[in-house]
Structure formats: structure tokens, C-alpha cells
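So for the sequence shown, full-length UniProt numbering puts the first residue at 1; every next one is plus one.
No residue lacks a Cβ here, since even glycine has one placed at the ideal position from N, Cα and C.
Because the structure is a prediction, the values reported are computed rather than measured.
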Amino acid sequence: MNIYSAQCLLPPAVVTTGPSDPQMRQIRDVLYGFPERTIKILDFGAGKGRLITNLLEAATSITSLSTNLDYIALDCDSENRIECEAQIARVYGDVKHRWFKTSQSLIERHNKGSFDVIVITNVLHEISPKYWLKLFGSTGELTELLADKGQLLLVEDQRIPIGETAHEFGFIVLDTVAIKDLFMISGNDEQIIQASERDGRLKAHLIPKSYLARCDKNSVQKALESHCQHSKSEIEMLRAQRDKNKARLFAFWVHQYANAKLALEAR
1 MNIYSAQCLL PPAVVTTGPS DPQMRQIRDV LYGFPERTIK ILDFGAGKGR
51 LITNLLEAAT SITSLSTNLD YIALDCDSEN RIECEAQIAR VYGDVKHRWF
101 KTSQSLIERH NKGSFDVIVI TNVLHEISPK YWLKLFGSTG ELTELLADKG
151 QLLLVEDQRI PIGETAHEFG FIVLDTVAIK DLFMISGNDE QIIQASERDG
201 RLKAHLIPKS YLARCDKNSV QKALESHCQH SKSEIEMLRA QRDKNKARLF
251 AFWVHQYANA KLALEAR
């Protein structure tokens with residue numbers, strides 16, 4: 001638990017994985033489920049190009065991938081740009097207009113409403129709740145980038161094994177219930193969860209543009225409150241179990257509770 005807490009004082013690391021990685025498989029399964037046509041996707045927080053690398057390694061050929069997938073990368077951090085562009089070049093040859101640092105520069109080359117899918121893999125927890133409305137909501141950057149029938153593919157490790165400080169509130173990993181609260185999903189709305197593995201640890205949510213547009217300041221508040229309550233329940237359950245082998249998991253939920261509380265108090 002002390003190690004995890006110490007990690008929570010450090011910035012997040014950028015990871016790479018192989019094609020057998022379950023999160024990459026979840027993404028491929030969703031993308032392969034689309035009708036046979038060229039799909040335009042935005043890799044939000046692309047890092048080192050983990051997504052395009054794994055899609056290439058799993059593809060039958062470079063030609064089939066480049067024909068069926070129009071891949072664009074967006075990352076506010078330029079540190080891994082060269083490595084990411086190198087992976088893009090393996091598929092498309094020319095990397096011009098395929099990597100962007102800001103939404104503004106992206107929109108200058110790619111129209112609003114032109115993306116079929118925006119993929120966010122292990123990135124949402126690194127974004128401060130203060131900026132959720134900048135991305136989502138009726139005028140959010142990601143909402144506006146999606147086509148009318150476009151969708152957000154949100155993939156997260158729900159219990160990340162290494163702590164980090166990604167923003168002023170640490171890191172906040174929303175689970176399905178809190179995500180539904182964030183986008184006001186209820187009643188007869190379609191199910192957003194596409195995949196769940198390892199006892200619910202690895203989840204993929206596919207969220208239509210129309211749901212993203214519902215996000216507002218009240219739903220952000222509700223999502224944080226929901227996450228805070230969920231974290232508290234997990235802490236109480238783990239305390240009752242008194243299983244020393246779950247110390248890391250206990251540390252995760254303690255930090256989730258504290259981080260969500262801090263975010264709520266700052267509103």
C-alpha cells in the first residue's frame with residue numbers, strides 16, 4: 001500500500017503492448033463490428049502509437065488496414081510524437097496531417113463531424129474533471145468532431161495497478177455507473193458496455209455522440225458523487241475482508257475516494 005501511495009505522487013507513464021493485449025483486442029472487436037467501409041478514427045491521447053501498432057500487427061496486410069482505416073492521432077504531449085509517427089508511417093507511408101498536438105490544428109485539416117469513432121484508451125482518468133465539459137457536452141471538442149452517428153470508444157483499466165498523479169486531483173477512474181451518470185444514460189437508452197474482462201477490471205464502453213452531448217455541469221457533479229460513493233463501498237468491503245493480499249486494491253480505492261472528494265470540494 002505504501003508503494004502504491006508513493007506512485008500516486010508521480011506523473012503517469014506511457015505504455016506499449018503487443019497484439020495479444022486484451023484492451024487492444026477489445027478495441028479491434030468493436031472496430032471490426034462496423035460495416036465494411038473506411039472508418040475514420042481519432043486516437044485521443046495517442047502516446048507512442050500503441051493503437052495503430054497493435055492494429056497493424058493484427059491485420060492481414062498493411063493494404064487492408066490502410067484501406068479500411070483512416071487513422072488520425074491527437075496528443076497534447078509532443079514527447080512521443082516521433083515514435084508515434086514512425087508507427088503511422090508503417091501503415092500509410094506519409095504521416096503528413098495524421099498527428100496533431102491541439103484540437104484547433106486538427107480541425108484546420110479535418111472537419112468537425114468527420115470522425116466515425118474516437119478512441120480513448122486509459123486516458124480519461126488522466127483528465128481533470130475541470131476539463132470534462134471542454135471535451136463533452138453539446139459543444140465539447142470531441143462531441144463536435146464526431147459524425148452524427150459517431151461514437152466514443154472508452155477503454156479503461158478500472159483498477160490500474162500503478163498509482164499516478166495525472167492532474168491536480170490525482171487520477172479518477174470512472175466505472176460504468178459513474179459513466180452513465182456523466183452522460184445521463186438511463187431508462188430505454190441503449191447499453192454502452194461492449195466488453196468486460198478480468199472480473200470487470202478491463203472494460204470497453206461505446207457511447208453514441210447523442211449521449212456525449214448530454215453532459216453538463218450537473219452530470220459531472222453526479223458522476224463524481226457516484227464515484228465517491230462507489231469507492232467508499234469498496235473500501236468498507238475490503239476492510240471487512242481483512243485480506244492482506246488485497247492491500248494494493250485497497251490503496252487504489254482509498255485514493256479514488258480521496259481524489260473524487262477533492263474534485264467535488266473544488267467545484
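Quiz item: Straight-line CA distance for A247 to H230?
Solution: 18 Å
Quiz item: Does the distance from the CB of T121 to the CB of V155 come in under 8 Å?
Solution: yes
Practice problem: Compare the Cα-Cα distances from R81 to each of G200, A46, G163 and R242 and report the closest residue. | Solution: A46
Quiz item: First and last residue of the alpha helix (DSSP H) that includes A251?
Solution: A247 to E265
Practice problem: From the DSSP output, in three-state form, read off L174 for me. | Solution: coil
Quiz item: From T38 to S186, what does the alpha carbon distance come to, in whole angstroms?
Solution: 32 Å
Self-check item: residue 268 classed as buried or exposed, judged by whether at least 16 other C-beta atoms fall within 10 angstroms
Solution: Because the chain in this structure spans residues 1 to 267, residue 268 falls outside the shown range and cannot be described.
Quiz prompt | Beta-carbon spacing of residue 268, G113 below 8 Å | solution = There is no way to answer for residue 268, as the model of the chain reaches only from 1 to 267.
Quiz prompt | Whole-angstrom distance between K48 and I107, CA atom to CA atom | solution = 22 Å
Quiz item: Exposed or buried, A178, counting other C-beta atoms within 10 Å across all chains shown (16 or more means buried)?
Solution: buried
Quiz prompt | Helix, strand or coil at P129 [DSSP, three-state] | solution = helix
Practice problem: Compare the beta carbon distance of Q256 and V123 with 8 Å and say whether it is the shorter of the two. | Solution: no
Quiz item: Which residues in the same chain as T67 place their Cβ atom closer than 6 Å to its Cβ, once the five residues preceding and following it in sequence are excluded?
Solution: none
Quiz item: Rounded to the nearest angstrom, how far is the Cβ of I52 from that of I88, given a contact under 8 Å?
Solution: 6 Å
Quiz item: Do you know offhand how far L145's Cα is from F252's?
Solution: 33 Å
Quiz item: Which residue's Cα is closest to the Cα of F169: D77, N259 and P22?
Solution: N259
Self-check item: Check whether G140 and L74 have beta carbons under 8 Å apart
Solution: no
Quiz item: In the structure shown, what three-state DSSP assignment does I118 receive?
Solution: strand
Quiz item: Is the CB-CB distance between L206 and L153 below 8 Å?
Solution: yes
Self-check item: Spatial distance of G150 from P208 (CA atoms)
Solution: 6 Å
Practice problem: Return helix, strand or coil for E164, following the three-state DSSP convention. | Solution: coil
Quiz prompt | H167 vs E225 beta-carbon contact at 8 Å | solution = no
Self-check item: Member of D175, K96, I118 and N188 whose CA lies at the smallest distance from the CA of residue 295
Solution: Past the edges of the chain, shown from 1 to 267, lies residue 295, and the structure says nothing about it.
Quiz item: Just the Cα atoms here: how many angstroms apart are V91 and H110?
Solution: 19 Å
Quiz item: Under the rule that 16 or more other beta-carbon atoms within 10 Å means buried, what is G137, buried or exposed?
Solution: buried
Quiz item: Smallest Cα separation from T143: which of Q241, A223, N218 and F183?
Solution: F183
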